[in-house]
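Structure record follows, encoded as structure tokens.
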Amino acid sequence: MPKGKVYLVGAGPGDAELITLKGYGLICQADVILHDHLIPAELLHLAKAEAEIITVGKFASRHTMSQDQINALLIEKAGMRRIVVRLKGGDPFLFGRGGEEAEACAQAGVDFEVVPGVTSALAAPSYAGIPPTHRDFTPNVAIVTGHRKAQKDIEIPNAGTIIFLMGVGNIQKIIGSLLKAGWSPQTKIAAVERGTLYNQRVVTGFLESFVQTVKKAGLSTPAIFIVGKVVELHEKLNWFGGKPRILVLGTHPEKYTHLGTIVHRPIVKCVPLEDTSKLDGMIKALEGFNWLVFTSANGVRFFFERLRQSGLDARALCSAKVAVIGRTTARRLTSFGILADLVPDTESSAGLLEEFKKRDMRDKKVLLPQAAAASRELREGLAAMGAMVEEAPVYQTVEVEPADVDLEHIDKILFTSGSTARAFVKRFGRVPSHIKACCLGAPTQAEAAKHGIDAEILSQ
Ligand code: SAH
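Note that the working numbering numbers the sequence shown so that position 106 is 1099, with each residue one more than the last.
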């Protein structure tokens, strides 16, 4: 039995896709996850069904657990021979007390690794179109905590750009300290609130009046401040602020990323099947298949969970080739140690069938581990090529109420089916007038109309 281990993993600044591949793989494998409030909730959906997930803090002053309690819990869980992921916002070693957690592990003789993350100190400026360094403006940048105990001024390092974290409640002192250190009152400053998230806000101004600017804007945490000439670039490089923000309630939000910033609030959830007998039979017969075809990341996840519950691992797939419908599914597969043999350029069942047409599929045995109610397109297409296709239902979907969303920061809603229109109205009421309602085709348009929604058919 291997020893337990603690991984201090950076979850990135907010946009879930900014996690590293290494961090992603560890979340998938973890037995225990201890996480902060500031991490993207979507990342927790990657965890194994039986993983223990514990929220340990911290949200400004509302700490769920003390640092000593967190350290003790890490050591206790690792002592139980578990893979423990300590998931922390941004980078674990930048103002996250990750250093202290690593020290506690070292002192207790617990093995640990650190997986760096994309820090908000650099990601929020990127998403605000403000490069912290620039050849025409400054060759250096300093990252400073704005959280200082009473009275003391904040020590201002000598740098062309200064980025403050944890400063929202302390903006007056930050600005006072900058002016005392000789910064001109006309220096530009930006606040980036909820950086990298769909509801990111950028507020800019000048040191001399920024306290009032921030008050008027009602700035809240989390936010960073950027001070220096580079802030002038915000207007020119504001790439993220210009993207339409689109609420999607259906499945496969990744299909729509070319349309803008996708805000996904699913109305269905994937759960394991109650009756796994058919799947178990297929798992026993895996050696006889020439191809396994995965049509979703969830299919991969539930298939490998059942494989593991059957006492097997990736080696059970050694005699088959593996195809996936797209890159998201391929990525999920990598976290179980398998590189896909076939990923179509066009990410759809039709795209996959095009690729299979280039191969001789006659008499090939193909297994499709997929949702219990999956479409029959792939099965029928492969059968038409002469393949012997078996479907293995690996999960089912159940309806859930969509999670909260700040509709003020949404520009469009994309209704992908009649059920998404029904769920929206039930949960949020009318579509606010600033939001454009869109749908994929005439049947959904008619369904949406029944719920009082005037939706335009999207031209993709
Ligand atoms: N380790 C983290 C920082 C933890 S300190 C990192 O590397 O990002 C917490 C502070 O980080 C907050 O007070 C805020 O200043 C900043 N922060 C975290 N997430 C943020 C976000 N999405 N947008 C703006 N600031 C953020």
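Think of the CB as a built atom: it goes at the ideal place given N, C-alpha and C, for glycine as much as any other residue.
These numbers come from a predicted model, not from an experiment.
| query | result |
| --- | --- |
| Beta strand (DSSP E) containing Gly-1016: first to last residue? | Careful: Gly-1016 lies outside any beta strand (DSSP E), inside the alpha helix (DSSP H) at 1014-1022. |
| According to DSSP, is Cys-1311 part of a helix, a strand, or is it coil? | coil |
| Buried or exposed: Asp-1334, going by 16 or more other Cβ atoms within 10 Å of its Cβ? | exposed |
| Please say whether Ala-1044 and Ala-1071 have beta carbons closer to each other than 7 Å? | no |
| What whole-angstrom Cβ distance do Tyr-1000 and Glu-1094 have, given they're in contact under 8 Å? | That pair is no contact at about 11 Å. |
| Which of the three DSSP states, helix, strand or coil, is assigned to Tyr-1000? | strand |
| Please say whether Val-1002 and Leu-1019 have beta carbons closer to each other than 7 Å? | yes |
| Can you tell me whether Arg-1301 is helix, strand or coil according to DSSP? | helix |
| If you run the structure through DSSP and keep just helix, strand and coil, what is Tyr-1191? | coil |
| What residues in its chain sit with their C-beta under 8 Å from that of Trp-1176, if we drop five residues either side in the sequence? | Ile-1149, Leu-1200 and Val-1220 |
| Distance, Cα to Cα, Glu-1394 vs Thr-1244? | 14 Å |
| Hey, how far is the Cα of Ile-1123 from the Cα of His-1227? | 5 Å |
| Helix, strand or coil: how does DSSP classify Lys-1181 here? | strand |
| Looking only at its chain, what residues have a beta carbon closer than 6 Å to the beta carbon of Pro-1337, apart from the 5 residues adjacent to it on each side? | Gly-1344, Leu-1345 and Glu-1348 |
| Tell me whether Ala-1053 sits in a helix, a strand or coil according to DSSP, three-state version. | Because Ala-1053 sits at a pLDDT of 47, beneath the cut-off of 50, its placement in the model cannot be relied upon, and the point is left open. |
| Would you list the one or two residues that DSSP bridges to Gly-1083? | Gly-1005 |
| Rounding to the nearest angstrom, what Cα-Cα distance links Gly-1281 and Leu-1300 in this structure? | 16 Å |
| Do you know how far the Cα of Ala-1152 is from the Cα of Tyr-1120? | 22 Å |
| Here's a check: name, in chain order, each residue in its chain whose Cβ is nearer than 7 Å to the Cβ of Ala-1053, leaving out the five neighbours to either side. | For Ala-1053, the pLDDT reaches just 47, beneath the cut-off of 50, and the residue's location in the model is therefore unreliable, leaving the point undetermined. |
| Please state if the CB of Val-1185 and the CB of Ile-1217 are separated by a distance shorter than 7 Å. | yes |
| Over the uninterrupted beta strand (DSSP E) stretch that includes Pro-1337, give me the two end residues. | Careful: Pro-1337 lies outside any beta strand (DSSP E) and carries neither H nor E. |
| Rounded to the nearest angstrom, what separates Phe-1297 and Ala-1364 at their Cα positions? | 14 Å |
| Taking a contact to mean a Cβ-Cβ separation below 7 Å, would you say Leu-1158 touches Thr-1413 in this structure? | no |
| Taking 6 Å as the cut-off, is the CB of Asp-1008 close to at least one heavy atom of the ligand GDP? | The model depicted lacks the ligand GDP and carries the ligand SAH instead. |
| Using a Cβ-Cβ cutoff of less than 7 Å, which residues in the same chain neighbour Asp-1447 once the five nearest sequence positions on both sides are dropped? | Ala-1430 |
| What is the rounded straight-line gap between the Cα of Ala-1367 and the Cα of Glu-1384? | 9 Å |
| Check whether the Cβ atoms of Ser-1170 and Ile-1147 lie closer than 7 Å to each other. | yes |
| Let me check you understand the geometry: is the CB of Ser-987 closer than 6 Å to at least one non-hydrogen atom of the ligand SAH? | With the chain represented from 994 up to 1453, any question about residue 987 goes unanswered, as that position is not in the structure. |
| Run through the DSSP bridge pairs and tell me what Phe-1199 is partnered with. | Lys-1181 |
| How do the stretch 1098-1117 and the stretch 1203-1213 stand: do at least 3 beta-carbon pairs fall below 8 Å, yes or no? | no |
| Look up Phe-1417 in the DSSP assignment and say whether it is helix, strand or coil. | helix |
| Report yes if the CB atom of Cys-1021 is closer than 7 Å to the CB atom of Ser-1289, and no otherwise. | no |
| Can you tell me which of the three DSSP states Ala-1376 falls into? | helix |
| Straight-line CA distance for Thr-1437 to Phe-1408? | 7 Å |
| For chain D, is any of its Cβ atoms less than 7 Å away from the one on Leu-1451? | The chain labelled as chain D is not found in the depicted structure, where only one protein chain is given. |
| Any heavy atom of the ligand SAH inside 6 Å of the beta-carbon of Leu-1158? | yes |
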